[in-house]
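Numbering (this note's numbering), first residue to last: 1 to 187.
Where is the CB? At the ideal position from N, CA and C, for every residue including glycine.
Note sheet for the following structure.
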Amino acid sequence: IQRLDWINKQYIKALSDKELAEKVFPLLVKENIIKDLLETKEEYDFEVINTKEKYHLEDLAKWVSHEKTRIAKVSDLIEALDFYFCKLPEYDKELLVGKKMTKEGSLFALEESLTIFKELKNFSEENLKEILIGKIEEWGLSNGEVLWPIRAALTGKDRSPGAFEALSTLAKAKSIERIEFAIGKLQ
């Protein structure tokens, strides 16, 4: 089985992000996670059933690009991408506090980051990284002390895309909503 997983991983890595998105698309439809809009006259390619949000296949391709190296089978993407398909991820508040961190430290990181995110006009991965890394240094904290609670708040997982990837792909409004939800859990 390990050999087969390795072969599958190599196959997945060789696929373009668009090809991988096209492979997982029917699985997501079959699992009733998304509704296929490709055959309709809709402007969008699919609708998330739980949230009624509509997206293009290019969005799905961007999401799978962040998980490509973490999966062994295309079907693994169903669980890996689940945080994109919900209003707010479900998790215990303990997830927001990483190893060697305190609840107060995580709360500080989330509140200060939230203030920055609300003021940002450019929510690209590069801009987020540049601004937040500078602030982390200014606060005298390690990257992990700030990025762990952000990533956990956005994805509800201990293994997921990095904070900057998650922020930029979820976009500003959804990221802010999820960080506010996490702050509420810690207060």
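Per-residue DSSP class, three states only, for residue i
i: Ile34; result: strand
i: Phe164; result: helix
i: Glu137; result: helix
i: Lys100; result: coil
i: Thr40; result: coil
i: Asp76; result: helix
i: Phe123; result: coil
i: Lys129; result: helix
i: Asp215; result: Only positions 1 to 187 of the chain appear in the structure, and residue 215 is not among them; the question remains open.
i: Ile116; result: helix
i: Lys87; result: coil
i: Glu19; result: helix
i: Leu60; result: helix
i: Leu28; result: helix
Distance between beta carbons of residue j and residue i, contact taken as under 8 Å
i: Pro161; j: His66; result: 4 Å
i: Ala182; j: Leu81; result: With a Cβ gap of about 20 Å, Ala182 and Leu81 do not count as contacting.
Endpoints, alpha helix (DSSP H) assigned at residue i
i: Val146; result: 143 to 155
i: Tyr91; result: Careful: Tyr91 lies outside any alpha helix (DSSP H) and carries neither H nor E.
i: Phe181; result: 172 to 186
i: Tyr11; result: 2 to 14
Residue span of the beta strand (DSSP E) that contains residue i, given as start and end
i: Phe46; result: 46 to 48
Alpha carbon of residue i to alpha carbon of residue j, nearest angstrom
i: Asn32; j: Gly140; result: 45 Å
i: Val48; j: Lys135; result: 35 Å
i: Asp36; j: Pro26; result: 8 Å
i: Trp148; j: Lys18; result: 29 Å
i: Leu107; j: Lys185; result: 10 Å
i: Leu41; j: Ile150; result: Residue identity check: residue 41 is Lys in the sequence provided, not Leu. The straight-line gap from Cα to Cα measures roughly 38 Å.
i: Lys30; j: Glu137; result: 46 Å
i: Glu39; j: Lys54; result: 14 Å
i: Lys23; j: Glu104; result: 43 Å
i: Ala153; j: Leu167; result: 10 Å
i: Glu180; j: Asp92; result: 15 Å
Per DSSP, the bridge partner or partners of residue i
i: Leu54; result: According to the sequence shown, residue 54 is Lys rather than Leu. Answer is Glu47, bridged to Lys54.
Residue i at chain C interface by Cβ criterion, 8 Å
i: Phe117; result: Here there is only one protein chain, and chain C is not present.
Check: residue i C-beta below 7 Å from any heavy atom of the ligand ATP
i: Thr51; result: Within the structure as shown, the ligand ATP is missing, as the structure has no ligands at all.
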